[in-house]
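What follows is one structure encoded as structure tokens, with my remarks underneath.
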Amino acid sequence: MSVGQVETFEFQAEAQQLLQLVIHSIYSNKDVFLRELVSNASDALDKLRLESLVDKELDADTSDLHVELAVDREQRTLTVRDNGIGMTRAQVVELIGTIARSGTAEFVSRWQQAKQDGTAELIGKFGIGFYSGFMVADRVVLVTRRAGETEGTRWESAGADTYEISTVADAPAGTSVTLHLKPADEDDHLHDYADPAVLRRIVKRYSDFIAWPIRMREPEADAAETLNSMKALWSRAAADIKPEEYTEFYRHVSHDWTDPLETIHLRAEGALEFDALLFLPAHAPYDLFTRSARRGVQLYIKRVFIMDDCEALLPEYLRFVKGVVDSADLSLNVSREILQQDRQIQTIRRRLVKKVLGTLKDMLAKDPERYTGFWREFGQAVKEGLVNDPDNQAAILDLVQLASTRDPARPATLREYVERMKPDQTEIFYLVGEQRATLENSPHLEAFTANGVEVLLLDDPVDAMWVDMVGDYDGKAFASASRGEVDLKTESDQAPAAEEYAGLLAWMGARLAEKVKQVRLSTRLTTSAACLVSDALDASPALEKLYRAMGQDLPKAKRILELNPQHPLVEKLRAAHDERGDDDVLAETAELLHAMAVLAEGGELDDPAGFTRRLADRLSRTL
Ligand code: ADP
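Next up, the structure:
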């Protein structure tokens, strides 16, 4: 497109919705628009410095990188300008124009749901900082030129349904965002953002730690004044840092507007020196399990920003941790690939993992309620570490909280479970499945409940996997309540008459041979007629399902049908079989018993229509 020609675009419907949310609902405090724009400018300066270190050919002036605020009181405009990396036209269209990045629609719908539920502030933020300018302005003009390019791009919008883009010849390097300010309205928390005193206060409050100078030049003054102290927060002594400084820094790195749950400030000295300032967020981002738009830990080398979301610094299961690591002795030329191999990075990573897990352990001991809140948000991710991080498995097991039959509303730690075990109990019993309600009412629990033996209810997909791999906790083996034989070591006053049932069991085993491996008497049922269990060495149905979801086809293991000899239906079936031997009506009853066992554990029938037909036949005969 040629210089001067203006193209008009329409925001997509979903972008418009997002825009309306930003303008009207997301932030109650309008001042934060400046934090967002300064934060973007600071990122752009970081990127330019890094780019010029790596790419010696890049023709960019990095001698005086800074952010500048300029006000025009007459025109009522505020301009936030940086001489950073800038954007190409394509980037303006992609990053600024469309806002149609993955997850936008999901964000909007979640937000609306959360607002209905009254939990609006509970969700992590989507990258919408730039648009917060529309809270205070009725028109926004962005002019930018990418380092190394000759032409610039101008973007303008009134924040309604359209925006305009044109190519400009004479744009300075970097980006300027000019806000045409709405009239101040103190009732609406809309201050006069053309007033230097107001800007001074906001920068000090939200952006003091920004490592680049944020300058303001008042129209009548000769020299620009620098508004921020520019001290990298992580390099200051923890004792001198105020809680609100940590909070603002957290917001800067995380783009989350809620307060962090926990701040971890670590300074390593000696052979390997580094500073780390890490935060545990209070709430899980909506995309914790979708792997998009991650913002984890930033890597700095001697105060120079190197990269966002440095996955080499923390394992995947701690991906929700935010913050900064600054190391003194790495090369500025590092790439992500090299980092994974770097011995120093590996050492830093080990230290950080220990520190994070240790902090969580302390929180669990000292403030269990807060910890439970943390676990509710992030426990599902942390449990992945039981599978992926064998070195820290023991430490993670101490952090796990699981639902239990003792009080389904109160999760239990494994330590608590073990302390509550019955004197002669040697195993930690659990039941895996997909739905908590199905688990709570599962027939597999009947004998456990009757004998007062606690069972852990594992309903996260990842549970099926780790519980199989981990083996034991504190020397007590994990044992599934729906696998193998259970021996609750209770004196059974009514020992099932094995011989009496031998004939029925053998006959049913043969009749149901296509569906089950074996039919046997149960020691785990008290009220239900039948249930299905897995053979001791077979994978649980939950694990099979998990593997199938990951694209690995595990052969379906046949299960064992267990009958409750105390149940009238089973007793009568035995009597009828003793009398009549094999016949089709009895065989149908056997099929129905099997189908009932499948349904009771939340399973799916191979032939649901056949089942209902048979059941309807039977019922109609009772009327
Ligand atoms: P985010 O929360 O991702 O920063 P924004 O809407 O604030 O969301 O910005 C979107 C993207 O636009 C940024 O990630 C960045 O790539 C680009 N951007 C915004 N402001 C600037 C700027 N001043 N200089 C260069 N790029 C910018």
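Quick note, the sequence shown lines up with residues 203 to 825 if you use our numbering. Just so you know, even glycine gets a beta-carbon here, dropped at the ideal spot from N, CA and C. Fair warning: this is a prediction, and the values are worked out from it, not measured in the lab.
Tell me the residue span of the beta strand (DSSP E) that contains residue 284. Along the sequence shown, read from residue 1 onward, the residue named residue 284 stands at position 82. Counting along the chain, the beta strand (DSSP E) containing residue 284 begins and ends at 279-284.
Which of helix, strand or coil DSSP assigns to residue 337: Reading the sequence shown from its first residue, position 135 is the one you call residue 337. Of the three classes helix, strand and coil, the one that applies to residue 337 here is helix, per DSSP.
Applying the criterion that 16 or more other CB atoms from any shown protein chain within 10 Å of the CB defines a buried residue, is residue 304 buried or exposed? In the sequence shown, counting from the first residue as 1, residue 304 sits at position 102. Because residue 304 carries a pLDDT of 49, less than 50, the predicted location of this residue cannot be relied on, and no value is offered for it.
Quick check on the DSSP output: what are the complete alpha helix (DSSP H) runs of length 4 or more inside the stretch 424-507, in order along the chain? Secondary structure remark: continuous alpha helix (DSSP H) runs of at least 4 residues inside the stretch 424-507, in chain order: 445-456.
Among the residues of its own chain, which have a CB less than 8 Å from the CB of residue 590, if the five just before and after it don't count? Counting from 1 along the sequence shown, the entry for residue 590 is found at position 388. Take residue 590, set aside five residues on each side of it, and the residues of its chain with a beta-carbon closer than 8 Å to its own are 517, 518 and 519, in chain order.
Of all the CB atoms in chain D, is at least one closer than 7 Å to the CB of residue 480? Judged by its chain identifiers, the structure shown contains no chain D, having just a single protein chain.
With a threshold of 6 Å, establish whether the CB of residue 242 neighbours any heavy atom of ligand 1. Counting from one through the sequence shown, the residue named residue 242 turns up at place 40. Yes.
Could you check the C-alpha separation between residue 825 and residue 649 for me, to the nearest Å? In the sequence shown, residue 825 corresponds to position 623, counting from 1. In the sequence shown, residue 649 corresponds to position 447, counting from 1. So the alpha carbons of these two residues sit roughly 34 Å apart.
Length at least 3, wholly inside the stretch 503-555: the beta strand (DSSP E) runs in chain order: If we require 3 residues or more, the beta strand (DSSP E) runs fully inside the stretch 503-555 come out as 506-509 and 524-529.
Element boundaries [beta strand (DSSP E), containing residue 245]: Translated into the one-based positions of the sequence shown, residue 245 becomes position 43. Under the DSSP assignment, residue 245 falls outside any beta strand (DSSP E), being part of the alpha helix (DSSP H) whose first and last residues are 234-256.
By alpha-carbon positions, which one of 370, 384, 425 and 363 ends up nearest to residue 352? Working through the sequence shown from its first residue, we reach residue 352 at position 150. If we check each option's Cα against that of residue 352, 370 comes out closest.
Report the rounded CA-to-CA distance for residue 657 versus residue 647, giving the unit in angstroms. Counted from its first residue, the sequence shown places residue 657 at position 455. Counted from its first residue, the sequence shown places residue 647 at position 445. Straight-line spacing of the CA atoms in residue 657 and residue 647 works out to 8 Å.
Can residue 344 and residue 379 be called in contact, C-beta distance under 7 Å? In the sequence shown, counting from the first residue as 1, residue 344 sits at position 142. In the sequence shown, counting from the first residue as 1, residue 379 sits at position 177. Yes. Within cutoff.
Residue 294 and residue 355 closer than 7 Å at C-beta: The count along the sequence shown starts at 1 and reaches residue 294 at position 92. The count along the sequence shown starts at 1 and reaches residue 355 at position 153. In this structure, residue 355 lies closer than 7 Å to residue 294 by Cβ.
Does the count of Cβ pairs from the stretch 386-402 and the stretch 250-261 closer than 8 Å reach three? Judged by Cβ distances under 8 Å, the stretch 386-402 makes no contact with the stretch 250-261, as fewer than three pairs qualify.
Residue 498 Cβ short of 6 Å to ligand 1 heavy atom set: Taking the sequence shown and counting its residues from 1, the one referred to as residue 498 is at position 296. The answer is no for residue 498.
For the 8 Å Cβ check, are there 3 or more pairs between the stretch 623-633 and the stretch 581-601? These segments do not touch.
If we call anything under 7 Å between Cβ atoms a contact, is residue 502 one with residue 481? Here residue 502 corresponds to residue number 300 of the sequence shown, with the count starting at 1. Here residue 481 corresponds to residue number 279 of the sequence shown, with the count starting at 1. Residue 502 is not a Cβ neighbour of residue 481, given a cutoff of 7 Å.
Looking at residue 377 and ligand 1, is the gap between the Cβ and the nearest heavy atom below 6 Å? As a working mapping, residue 377 is identified with position 175 in the sequence shown. Taken from the Cβ of residue 377, at least one heavy atom of ligand 1 lies inside 6 Å.
Have a look at 359, 483 and 689 and flag the residue whose alpha-carbon is nearest the alpha-carbon of residue 572. To locate residue 572, count along the sequence shown from 1; it is residue 370. Of all alpha-carbon atoms in 359, 483 and 689, the one lying nearest the alpha-carbon of residue 572 is that of 483.
Taking a contact to mean a Cβ-Cβ separation below 7 Å, would you say residue 348 touches residue 288 in this structure? As a working note, residue 348 is residue 146 in the sequence shown. As a working note, residue 288 is residue 86 in the sequence shown. With contacts defined by Cβ atoms closer than 7 Å, residue 348 and residue 288 form a contacting pair.
Have a look at the DSSP bridge pairing and note the partners of residue 720. Indexing the sequence shown from 1 puts residue 720 at position 518. DSSP links residue 720 through a beta bridge to 762.
Where DSSP assigns a beta bridge to residue 603, which residues make up the other side? Here the question's residue 603 lines up with position 401 in the sequence shown. Residue 603 pairs with 615.
7 Å Cβ cutoff met for residue 767 and residue 723: As a first step, residue 767 must be located in the sequence shown, where it is residue number 565. As a first step, residue 723 must be located in the sequence shown, where it is residue number 521. Taking 7 Å as the Cβ cut-off, residue 767 and residue 723 qualify as a contacting pair.
Reduced DSSP secondary structure (H/G/I, E/B, other) of residue 661: As a working mapping, residue 661 is identified with position 459 in the sequence shown. Here DSSP, grouped into helix, strand and coil, assigns residue 661 to coil.
Compute every distance between the C-beta of residue 226 and the non-hydrogen atoms of ligand 1, then say whether any falls below 6 Å. Within the sequence shown, the letter at position 24 stands for residue 226. Look at residue 226: its beta carbon is at least 6 Å from all of the heavy atoms in ligand 1.
Use the C-beta contact count for residue 226: other C-beta atoms within 10 angstroms, 16 or more gives buried, fewer gives exposed. As a first step, residue 226 is located in the sequence shown; it is residue number 24 there, counting from the start. Flag for residue 226 reads exposed.
Among the residues of its own chain, which have a CB less than 7 Å from the CB of residue 720, if the five just before and after it don't count? Here residue 720 is taken as the residue at index 518 of the sequence shown, counted from 1. Cβ neighbours of residue 720 beyond the five flanking positions: 711 and 762.
Using a 10 Å radius around the Cβ and a threshold of 16 neighbouring Cβ atoms, would you call residue 779 buried or exposed? Numbered from 1 along the sequence shown, position 577 holds the residue referred to as residue 779. Buried.
What did DSSP end up calling residue 624 once you bin it into helix, strand or coil? Residue mapping note: residue 624 aligns to position 422 of the sequence shown, counting from 1. Coil at residue 624, not helix or strand.
Among residues of its own chain, excluding the 5 on either side of residue 360, which ones have a beta-carbon nearer than 7 Å to its beta-carbon? Taking the first residue of the sequence shown as 1, we reach residue 360 at position 158. Hits under 7 Å: 340 and 341.
Going by the C-beta, is residue 525 closer than 6 Å to any heavy atom of ligand 1? Counted from its first residue, the sequence shown places residue 525 at position 323. False, no ligand heavy atom lies under 6 Å from that Cβ.
Please confirm if the stretch 262-282 is in contact with the stretch 418-426, defined as three or more CB-CB distances below 8 Å between the two stretches. Contact annotation: the stretch 262-282 touches the stretch 418-426, with at least three C-beta pairs closer than 8 Å.
Proximity winner among 783, 753, 765 and 744, relative to residue 805 (alpha-carbon distances): Taking the sequence shown and counting its residues from 1, the one referred to as residue 805 is at position 603. The candidate whose alpha carbon is nearest that of residue 805 is 744.
With respect to 6 Å, is the separation between the Cβ of residue 332 and the closest non-hydrogen atom of ligand 1 below this value? Here the question's residue 332 lines up with position 130 in the sequence shown. Result yes, Cβ under 6 Å from ligand 1.
Residues bridged to residue 263 by DSSP? Taking the sequence shown and counting its residues from 1, the one referred to as residue 263 is at position 61. The partner list for residue 263 (beta bridge, DSSP) is empty, contrary to what the question assumes.
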